Every structure is written in C-alpha cells, then in structure tokens.
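Positions 399 to 620 (our numbering) are the ones given, in order, by the sequence shown. Cβ atoms here follow ideal geometry from the backbone N, Cα and C, with glycine treated the same way. As the structure is a computational prediction, the values presented were derived from the model and not from experiment. See structure below.
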Amino acid sequence: MPAITVCRRCLGFGQLRRASTLRIAFGARVSCSQSRTLGTMATPEDLVKDNHSKSLINLLRGWPSTSLLPIELLKKGADDVFSDTSISYPGLLYGPDAGHPRLRDALSSWLTKFYGPREPINSERIAITGGASQNLGCLLQVFTDAIYTRHVWLVAPAYMLAFRIFEDAGFSGKMRAVPEDEDGLDIEFLRKALRKSEEKAKSDGNNKPVRALREHVLAVWP
Numbered sequence: 399m400p401a402i403t404v405c406r407r408c409l410g411f412g413q414l415r416r417a418s419t420l421r422i423a424f425g426a427r428v429s430c431s432q433s434r435t436l437g438t439m440a441t442p443e444d445l446v447k448d449n450h451s452k453s454l455i456n457l458l459r460g461w462p463s464t465s466l467l468p469i470e471l472l473k474k475g476a477d478d479v480f481s482d483t484s485i486s487y488p489g490l491l492y493g494p495d496a497g498h499p500r501l502r503d504a505l506s507s508w509l510t511k512f513y514g515p516r517e518p519i520n521s522e523r524i525a526i527t528g529g530a531s532q533n534l535g536c537l538l539q540v541f542t543d544a545i546y547t548r549h550v551w552l553v554a555p556a557y558m559l560a561f562r563i564f565e566d567a568g569f570s571g572k573m574r575a576v577p578e579d580e581d582g583l584d585i586e587f588l589r590k591a592l593r594k595s596e597e598k599a600k601s602d603g604n605n606k607p608v609r610a611l612r613e614h615v616l617a618v619w620p
C-alpha cells in the first residue's frame, strides 16, 4: 500500500498526494516542486506566498477555528480555581502525579458517555499530561529501551511529528510502517512482521530485559 504524504503547497486545498514508497512518509522530500520537507512547518503566510487563487484553509497544524475557543469558560474556570485554595495551591505546586482527581473523574465520565464502551472507563486509567508529544516521550522513557525494544510499528500514514520523538528515544532505523486494509489495521501483515522480528531478536540474544520493558511499540492515530 503506498504511503500518503502531505504536499505543503497543496495542503491549502486539503489535498493528499500518494507517494510510491513508504520512505517518503518518514521525512523525505515529496515530489511537488513547491513542497517543503516534512520537518518544516508551513505558516498561513507561506501558503499565501504561493499565490493560490482559492481561499486557503491551513490544515497542517490542526488548529481549531477561533470561534470554537472557549475563552469565557476558561476565564470563569480560572476564577473558580484561584478562588479555592484547596485546588489552586496544589495546582500551582506539583499536585497529584496523575493529575487533578476531579478533572480525571470528569474525563472518564465524558469518555464513557461519548464512546459507550461495554464497561465504564475508570479514572485510574487516565493521566493528565502537557500534551501528546510530552506523553509519548514519557512513555518511551519508562517502558522502552533503544536496544531491547525491537521496533516501533506505525500505522501508515502516521503522525509526522512523532518521528523525531522516536528518534530522540534511540529508535532511528527501527521504525516500521504497517499498512491498512478495508477493515483497518492489516493484522496479518503485523503478525508476520512481529514473528520475524522476534526470531531475529532471539537469534541475536536480545531477550533479557533489565526491567519491565516492552519488546514492541505500536503507534496508531485516530
């Protein structure tokens, strides 16, 4: 299955271009003459400079419309929090490691209501972080090792900004793309690839973790 890469020039139209190899999805330059490397963030001004005749919507950064930003709700919430020292003092210090309990309870309730799982989502499974990138870096530090962990498997197309995080954790050269079929993730492809990876790890003697590490990382994005 060919990878889907984003052309910076055509991104203003929300177009996706198909690349002939998965290698392009991992940071190489795409074929469009006006494109930029995947490591460079285009700005709305960059798109205007390309002299497109149509109105542009910059899809690169994933920013919501400013009309959706809950400014008044955030102002009220901040006022409520700073008026209650039982919340504001811990919040301005370190606070609970997993995040404010009331926030985690509210999130678990909302997630359960929205997704309707067979069992309610327990707030003990929720941790509040500074964002997806920070959380990914923390998970890799705790649960992986650049030598013992065999590969990072990414569903293609993948979130491009995660590549640098994996590389910083020592997984340069260990990232592998997993294609999708009509039903989603190609399970059979992944099963065969995992089996082959484990066979190589066993032959190399790489089967003695120092602590509770993971042999593989599977990265998926909704």
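Asked	Found
Complete beta strand (DSSP E) runs within the segment 529–588 (minimum length 3 residues, chain order)	549–553, 573–576
Bridge-paired residues (DSSP) for Leu-616	Trp-551
Sequence-distant residues of its chain with Cβ nearer than 6 Å to Ala-666 (five each side left out)	For the chain, the structure presents residues 399 to 620; residue 666 sits outside this window and is missing.
Residue burial classification, Arg-589 (beta-carbon count within 10 angstroms, cutoff 16)	exposed
Unbroken alpha helix (DSSP H) run spanning Glu-470, endpoints	469–480
Helix, strand or coil at Asn-605 [DSSP, three-state]	coil
Alpha helix (DSSP H) segments (min. 4 residues) lying fully within the segment 480–517	483–490, 499–513
Stretch pair the segment 541–548 + the segment 603–615: three plus CB contacts closer than 8 Å	yes
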